[in-house]
Structure formats: structure tokens, C-alpha cells
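Scroll down for the structure; my scribbles are underneath it.
Number of protein chains: 2
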Amino acid sequence: MIEDKNQQRTSLENLGEFGLIDHLTKNFDIKHKSTVKGIGDDAAVLDFKSKKIVVTTDLLIENVHFDLSYMPLKHLGYKAIMVNLSDVFAMNANATQVTVSIAVSNRFSLEALEDLYAGIETAAKIYNIDVVGGDTTSSTTGLIISVTAIGELNEEDIVYRNGAKPNDLLVVTGDLGAAYMGLQVLEREKEVFKVNPQNQPDLDLYSYIIERQLKPEARQDIVKLLKDLDVKPTSMIDISDGLSSEIIHICKQSKVGCDLYENKIPLDPQVISTCEEFKIDSTTIALNGGEDYELLMTISQEDFPKIKANPNLTVIGFITEESRGMHLVTRGESRIPLIAKGWNSLSDQE
Amino acid sequence: MIEDKNQQRTSLENLGEFGLIDHLTKNFDIKHKSTVKGIGDDAAVLDFKSKKIVVTTDLLIENVHFDLSYMPLKHLGYKAIMVNLSDVFAMNANATQVTVSIAVSNRFSLEALEDLYAGIETAAKIYNIDVVGGDTTSSTTGLIISVTAIGELNEEDIVYRNGAKPNDLLVVTGDLGAAYMGLQVLEREKEVFKVNPQNQPDLDLYSYIIERQLKPEARQDIVKLLKDLDVKPTSMIDISDGLSSEIIHICKQSKVGCDLYENKIPLDPQVISTCEEFKIDSTTIALNGGEDYELLMTISQEDFPKIKANPNLTVIGFITEESRGMHLVTRGESRIPLIAKGWNSLSDQE
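The listed protein sequences derive, respectively, from chains G and H.
For the first sequence, full-length UniProt numbering begins at 1 and goes up steadily by one.
For the second sequence, full-length UniProt numbering begins at 1 and goes up steadily by one.
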């Protein structure tokens, strides 16, 4: 559909595992002093001296997390890195290294994997991270990508999920729901394409939401911004499963409640118009859509003057005592309990 | 075949991703001071102070790396950890943490995953490592396990693949080829079982080689032994793809050649008898069989007195100038070039 299928096609079989790793990673350079040894031994060797390190990992499975009929491989490589960096930034850390393992079936050509790694390389360049290891193996079916990301920070900068206090402000970066609505548009176009392969879709109206789905950016800029503003959040989490489930994580781990204001949730105009077109409630999408990769944090009221003028940060509610519970305050001013529908990849499966 | 199929069966669908992770990891305790924060946030937080850290990762895919018709899930969980720890020990490091991600289809029950995690927990206990993170997601087909292992060591203790020097001794731990022959026996029994499911196989004759396949141990003891003997290898690698391909890795990266003596390669009597039964040459199996998870190292001749009496270490050859090439010296004293057939999971696929 989007991908150009008329490419040269080199079979993987004769290249072998060692040749393949060497080939795919030969352009990857080392940027960090903390990377003592990258790809090429039994393990990478890292040196963080007095810094703390953070480690996070995610698995991406074809036809569960992505659909190659509309996800170009280069974008997929980029997104696989973003998904993991987002978790590093949610600790308020600086991302430094990743390992990338892939399993592929023989239906993938060398050129296809080169596209995937071009996306990984682009992400590594833009986000200044070293690719220090990985594993390349065969799969009996689709494509599987496993990324582990490592970051560094000083002890005093670590932000956990469990530090929110009553009266803290609930703050979110960027806008929400776009990635999910982008997915709805792509799914609809896939169905149209099945019926009429000659149809050339005009997706200009949906450019922002499709980009949010296919090429999300992790909020490295926010970690720097918070430092520049001299604000340390009391808690932080990245929004991968939808705002609602992430708020619940923070509240449960911090033993607090919250009031979230529906009319404060930041939505892009394209999300609003596409929700109208699909006859879906935009608040439901922002709460449960997932894959936004924005950051949700709580900030002490004292820090409000430092953040109030910043277009990247939106106050969407405040933290309460645990006994008050977790609520959405609707536009009609009724208080309804927050539920984590989230994006549950296990129950989504059937 | 080996696994007990008559178990309680709780469906994964209603449990959800968060419930599943919590449930499976609730018994995992933290043993290392370097683990500041384990499972439960966007990322684990680690603190290695002045130590260097090593990071390695591996993907295990159902029907590529394991066959559940004879691999009990508990053993599989154990083996998934061993495969990664082996790489940590091959750097001469102390393994400290792992992350474990799994993707499962709905054909797996909660009880099946509990078995898998029981194996992971057993490995973590015995090898004194902390499970600090992971991801649990659905798969459209089989079981996928991705493990990242982390270890620590002092800078002066790091052993790379590239430090072998001419006249160094080529030394291997344990014995070789058993895991591969264990696999051959299990594959044969699987075929017998297909024809006659009532057949109760007598596998006593093959107990050692089957255990080497189903429940390998990574050589943590060797890292300690080398320290106790005050021996630092000049190079080291773990034997996952077969002796031949690992020797070639060391020689290529160290820019040296080698003479490997066929009559010195350590073989267990069960490997020899099973090779005879299967009419396979045991040297070929030791060279190319794979999955031994022993360590191959090069040691300076000066250190020979320290290792010569040790039953865990066998001298199998010596390093030569690069121009001499890499050779196997056969029992008949002819010198034939070493070739890396190895265990190539990409070309093995078809």
C-alpha cells in the first residue's frame, strides 16, 4: 500500500547469521564515552562511573503491534527504538545505548532488513544513542523485534511512578489520541485497498495523526526542558497504553487519588475532526487510545509558575487524597470513576 | 511426551497484561545492591558504582530454538536464562540482572506460564541474579522469549575475544557435543511417539546428553575458578554455535591462527556411544554441534602450571601466527583447515 514492493530482493539464506549482523550494523558508530565496547563480542561493555543506569525492554510482534501492509519497515525500525526510549525518558534519564534483536522468516529479503536497520540507524543518530548489541535469528512466521534500552542519570534526578502527593498538578506533554486515530484511518484504507487496489487514497487530511502512528517521537526534549526549567516532577510515566491507565498506575503506586478534567485534555484539531468523522468520542480515545508516547507527570504546585507559559506542558488535573478516588470531571461537571481499559495486547488478541 | 498435559488450565485473556506480569514475578526477590529498583516502573534502576557493566541479549523462538513437544516449560525458562548468562561469563564477568520478555498465544494457559517462570526463578536463585524487568505480550503463533542479561566486573578483569597471542594455549571447559546428541535422541523419540504414543521410551542410557540439551548450566563456576587460580585468559568466548565457529571467531578477531588437536577434544562416553549408535563422527559433532554453553579460552603458556591439574579445563591446542592458518590436527596427524559450519539458525530454517 505505502511501501514500494518493486525492490531488489536478496535472499537471507546464504548470508548466514554472522554475515547478516555484520552487514546490518556496519554503519553504526559509537557516540558515548560510556560505551567501552559495542557489537562484536559476547556482550557489550559499558562504563557509567558514578551515574545510575536505567534499563527497559519491549517486544514488538508482527500483526500484534504492527501491520506491514501499511507500516514501512524503515518507520518500524524507528518506532521500535522510540517505544523503548520513551520509557527511559519517563525515568527522567538520558538514553545512551540500545540492543536490538530481530527474528525474521525467509519471506523477508536482505533489502527489507536494510530498510528496518536504516530506521534504527536514523533513530540512533537523531537521539544520539549507541546500538551496542543484538541477536539475529529466524522466525517460523512473522517479524519480531526486541529492543532493550539503557540510559543514565544522577541519583537525585530519578523520577519514579510513586512520588505523587496530594495537591500536585497532573501535567501531560503534547496532545493525546492521535496515534490511535491514525491507526483507524490506516485500517480503513487497508480495507478499501483490499476491495480496490487501484484506489489512491488522499491522506492529506490525516497527515498529523498518521505520522503519530507510523513515526512517533519519544520526548527526549522534555527531559532537557524540565532541567532547563529547574523542575523535577514528583512522579512520571510514559503514555503507551492510554492516559487513563497511566494515571491509574501513578495513583496506585503513589497511594493517591486524582481529579482529571475532561476539558483540559489536549487534543489536536485533526483528532477532533477524525473522531467526528468516525463517530467516536474524542475523550474516550485520549483516555484509552494508546501509543501516544507522551509523558504524564505530577508537579508540585510551587513549580507551577515555571511551567505555566510552556506550550509543551498542559495541566490536566490535580492529585487528591487516596480516599477521594480517581475521577474524570466531565465537561458537564459530573465526576465519573476512571477505568483502565487501556490497550491490552493480551485481550486484544482474538 | 515428557510434559504433563493434565493440568488445570486458566485462560490468559481475562487476566490482562498488568495482572499477568504482577502474578508471574511476585516471588522474585532482589539480591544485589546494584539493583536500586526492579520490576514496577518504566525502567529498572541500577547502580554499578566504579564497576564496568556488560550487556547481552538473545531471542528464543518456538520451533526454531526449542520444541515444546519434548522441552518442559520449566526447563525452557531455566535454559533461556543460561543462554544469556553464558555470554556474561564469557566476558569474565559476574552476572547480576536479567530482563525477560515473553510473547505467547492464547493456546498457553496461566499454569503453563507459571511453569516457565518457575524455571526462570530457579535459575535466578541458583545463579544469584535479579529479574528486574520485562514485557509480556501476545503472539499470533508460538512462544517467544527475549532475555537481556547484565553483569559487572572490574576493568582489569574484562576478557575480550581479540586478545589471543601466538603460543597461547587453547583451553576448553567441560566436554563437547552432548547437547547436540541429546537433541538427536529427543528428535528420534518424538518420531517414535508419533507412530506409537503408548511407547514409553527408556532414556536412561542418554540421561547425561538429554540433560545437557534440556537443562544446560552456564559456567559461572569457571569465572570464580579462574580468579582462584589467578589466571586471566587472553581471550574467551562461550560455545553456543560449536567449537569450530567459536575458535574461528577468536582467531579472526585476534588476528592469529591455531592448531586444534582432534585427540584432545573432551567427549563424554555417552556422546561417543550415542555417536556410534547414530553412525555420526563424534569430532564433527564436537566441532559443529552447538548449545554446549562451555567456555573456550586462550591462556598464556606461563599460566599452564596453574591449570594443568584442573579437571574442568582441557588444553586442546595452541595459537599460531595468523599466516599459519586455522587447522584441525587429526588423529592421523594430517592438518585440515577449520571450517565454521556452526549452528546457523537462519540457514537451518527451511
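All residues carry an ideal CB built from backbone N, CA and C; glycine is no exception.
* Among Q301(G), K308(G), G174(G), G332(G), which has the Cα closest to the Cα of Y293(G)? -> Numbered from its first residue, the first sequence carries residue 293(G) at position 293. In this structure, G174(G) is the residue among Q301(G), K308(G), G174(G), G332(G) with its C-alpha nearest to the C-alpha of Y293(G).
* **Where R324(G) falls: helix, strand or coil (DSSP)** => Here the question's residue 324(G) lines up with position 324 in the first sequence. In the structure shown, R324(G) sits in a helix (DSSP, three-state: H, G or I).
* C-beta neighbour in chain G for K49(H), strict 8 Å -> Within the second sequence, numbered from 1, the residue matching residue 49(H) stands at position 49. Look at K49(H): its C-beta is under 8 Å from a C-beta on chain G.
* Output, in sequence order along the chain, the residues in the stretch 304-320 of chain H whose CB is closer than 8 Å to any CB in chain G. => Under the 8 Å Cβ criterion, the stretch 304-320 of chain H contributes no residue.
* With respect to the alpha helix (DSSP H) encompassing L226(H), which residues constitute its N-terminal and C-terminal limits? -> Against the second sequence, residue 226(H) aligns to sequence position 226. It spans 220-229 - the alpha helix (DSSP H) in which L226(H) sits, taken as one unbroken run.
* Which residues share a DSSP beta bridge with C258(G)? -> One-based indexing of the first sequence puts residue 258(G) at position 258. Residue pairing by DSSP places C258(G) opposite I319(G), M326(G) in a beta bridge.
* Return the residue from the list L203(H), L338(H), L76(H), K224(H) that minimises the CA-CA distance to E262(H). => Counted from its first residue, the second sequence places residue 262(H) at position 262. The candidate whose alpha carbon is nearest that of E262(H) is L338(H).
* Asked: For L20(G), does the three-state DSSP call read helix, strand or coil?
  -> Residue numbering aside, residue 20(G) sits at position 20 when the first sequence is read from its first letter. The answer is helix: DSSP assigns L20(G) an H, G or I state.
* To do: Please confirm whether G142(G) and E62(G) have their CB atoms less than 8 Å apart.
  => Stepping through the first sequence from its first residue, residue 142(G) is reached at position 142. Stepping through the first sequence from its first residue, residue 62(G) is reached at position 62. In this structure, E62(G) lies closer than 8 Å to G142(G) by Cβ.
* Compare the C-beta of E350(G) against all C-beta atoms of chain H and say whether one is closer than 8 Å. => Here residue 350(G) is taken as the residue at index 350 of the first sequence, counted from 1. Confidence in E350(G) is poor, its pLDDT being 27 and thus under 50, which makes the residue's placement unreliable; the coordinate value appears in the next sentence. E350(G) counts as touching chain H.
* Asked: Using a Cβ-Cβ cut-off of 6 Å (strictly less than) and excluding sequence neighbours within five positions of D4(H), which residues of its own chain qualify?
  -> The sequence position of residue 4(H) within the second sequence is 4, counting from 1. In this prediction, D4(H) scores a pLDDT of 47, lower than 50, which makes its location untrustworthy; the coordinate-derived value is nonetheless stated afterwards. Here D4(H) has no same chain residue with a Cβ atom under 6 Å from its own Cβ, once five neighbours each way along the sequence are excluded.
* How many angstroms separate the CA atom of E187(H) from the CA atom of A179(H)? -> Residue 187(H) sits at position 187 when you count from the first residue of the second sequence. Residue 179(H) sits at position 179 when you count from the first residue of the second sequence. Cα to Cα, the separation comes out at about 12 Å.
* Return no unless some Cβ of chain H is closer than 8 Å to the Cβ of residue 352(G). => As displayed, chain G neither begins before 1 nor continues past 350, which places residue 352(G) out of reach and without an answer.
* **Within chain H, the residues that T148(G) reaches when beta carbons sit closer than 7 Å** => Position 148 of the first sequence, counting from 1, holds the residue named residue 148(G). Contact note: T148(G) reaches chain H through T57, T99, T148, using a C-beta cutoff of 7 Å and chain order.
* Asked: Would you say the stretch 219-226 of chain H touches the stretch 89-100 of chain H, given that touching needs at least three Cβ pairs under 8 Å?
  -> Put simply, the stretch 219-226 of chain H touches the stretch 89-100 of chain H. At least three CB pairs are less than 8 Å apart.
* Mapping DSSP to helix, strand and coil, what is L143(G)? -> Taking the first residue of the first sequence as 1, we reach residue 143(G) at position 143. Coil, per DSSP.
* **Ordered list of beta strand (DSSP E) runs contained in the stretch 155-192 of chain G, each at least 3 residues** => Counting only runs of 3 or more, we get 169-173.
* **chain G contact for D87(H) (CB, 8 Å cutoff)** => By 1-based counting over the second sequence, the position of residue 87(H) is 87. So yes, D87(H) belongs to the interface.
* Specify the secondary structure class of P269(G) as computed by DSSP and reduced to three states. => In the first sequence, residue 269(G) corresponds to position 269, counting from 1. In the structure shown, P269(G) sits in a helix (DSSP, three-state: H, G or I).
* Asked: So is F304(H) buried or exposed if we call it buried at 16+ other beta carbons inside 10 Å?
  -> Your numbering for residue 304(H) matches position 304 in the second sequence. F304(H) should be labelled exposed.
* Asked: Does the distance from the CB of A340(H) to the CB of S244(H) come in under 8 Å?
  -> Your numbering for residue 340(H) matches position 340 in the second sequence. Your numbering for residue 244(H) matches position 244 in the second sequence. A340(H) is a Cβ neighbour of S244(H), given a cutoff of 8 Å.
* Asked: Given that a residue counts as buried once 16 or more other Cβ atoms are within 10 Å of its Cβ, and exposed if not, what is L346(H)?
  -> The sequence position of residue 346(H) within the second sequence is 346, counting from 1. The predicted position of L346(H) is uncertain, since its pLDDT is 41 and thus under 50; no value can be drawn from it.
* Asked: Rounded to a whole number of angstroms, what is the C-alpha to C-alpha distance between K215(H) and K79(H)?
  -> For this step, residue 215(H) is matched to residue 215 along the second sequence. For this step, residue 79(H) is matched to residue 79 along the second sequence. Going by the C-alpha atoms only, they are around 6 Å apart.
* Starting from D67(G), trace the beta strand (DSSP E) both ways and give me its first and last residue. => For the purposes of this step, residue 67(G) is identified with residue 67 of the first sequence, where counting begins at 1. From DSSP, D67(G) is part of no beta strand (DSSP E); its letter is neither H nor E.
* Could you tell me which residues DSSP puts in a beta bridge with E62(G)? => The residue given as residue 62(G) occupies position 62 in the first sequence. Partner(s): F66(G).
* Asked: Are I307(H) and I316(H) close, meaning C-beta to C-beta below 8 Å?
  -> Counting from one through the second sequence, the residue named residue 307(H) turns up at place 307. Counting from one through the second sequence, the residue named residue 316(H) turns up at place 316. No, these two residues do not count as a Cβ contact at 8 Å.
* To do: Grab me the residues of E350(H)'s own chain with a C-beta within less than 8 Å of its C-beta, minus the 5 sequence neighbours each way, in chain order.
  => The count along the second sequence starts at 1 and reaches residue 350(H) at position 350. The pLDDT assigned to E350(H) is 27, lower than 50, so where the model puts this residue is not dependable, and the model offers no usable value.
* **K37(H) classed as buried or exposed, judged by whether at least 16 other C-beta atoms fall within 10 angstroms** => For the purposes of this step, residue 37(H) is taken as residue 37 along the second sequence, with counting starting at 1. Under this definition K37(H) is a buried residue.
* Please check if any C-beta of chain G sits within less than 8 Å of the C-beta of K37(H). => Here the question's residue 37(H) lines up with position 37 in the second sequence. Yes - at least one Cβ of chain G is within 8 Å of the one on K37(H).
* Hey, is R161(H)'s beta-carbon within less than 8 Å of any beta-carbon in chain G? -> The sequence position of residue 161(H) within the second sequence is 161, counting from 1. Interface flag for R161(H) against chain G is set, since a Cβ pair is found closer than 8 Å.
* Using a threshold of 8 Å, state whether the C-beta atoms of L229(G) and H327(G) are closer than that. => Counting from one through the first sequence, the residue named residue 229(G) turns up at place 229. Counting from one through the first sequence, the residue named residue 327(G) turns up at place 327. Here L229(G) is not near H327(G), since their CB atoms are 8 Å or more apart.
* Residues that D238(H) contacts on chain G, provided the C-beta gap is smaller than 7 Å -> To locate residue 238(H), count along the second sequence from 1; it is residue 238. Going along chain G in sequence order, the residues near D238(H) (Cβ under 7 Å) are D42.
* To do: Establish whether the CB of M91(H) and some CB of chain G are separated by less than 8 Å.
  => Walking along the second sequence from the start, residue 91(H) turns up at place 91. Yes - at least one Cβ of chain G is within 8 Å of the one on M91(H).
* Asked: At what residue ranges does the UniProt domain "PurM-like N-terminal" (40-152) of chain H contain a whole run of the beta strand (DSSP E), taking only runs of 3 or more?
  -> 44-46, 52-61, 94-104, 130-138, all fully within the UniProt domain "PurM-like N-terminal" (40-152) of chain H.
* Indicate the three-state DSSP secondary structure (helix, strand or coil) for W343(H) in the structure shown. => To locate residue 343(H), count along the second sequence from 1; it is residue 343. Low per-residue confidence applies at W343(H): pLDDT is 46, beneath 50, and the placement is therefore not dependable enough to give any value.
* Asked: Just reading off the alpha helix (DSSP H) that K279(G) is part of, what are its end residues?
  -> One-based indexing of the first sequence puts residue 279(G) at position 279. Premise fails: K279(G) is in no alpha helix (DSSP H) and is neither H nor E.
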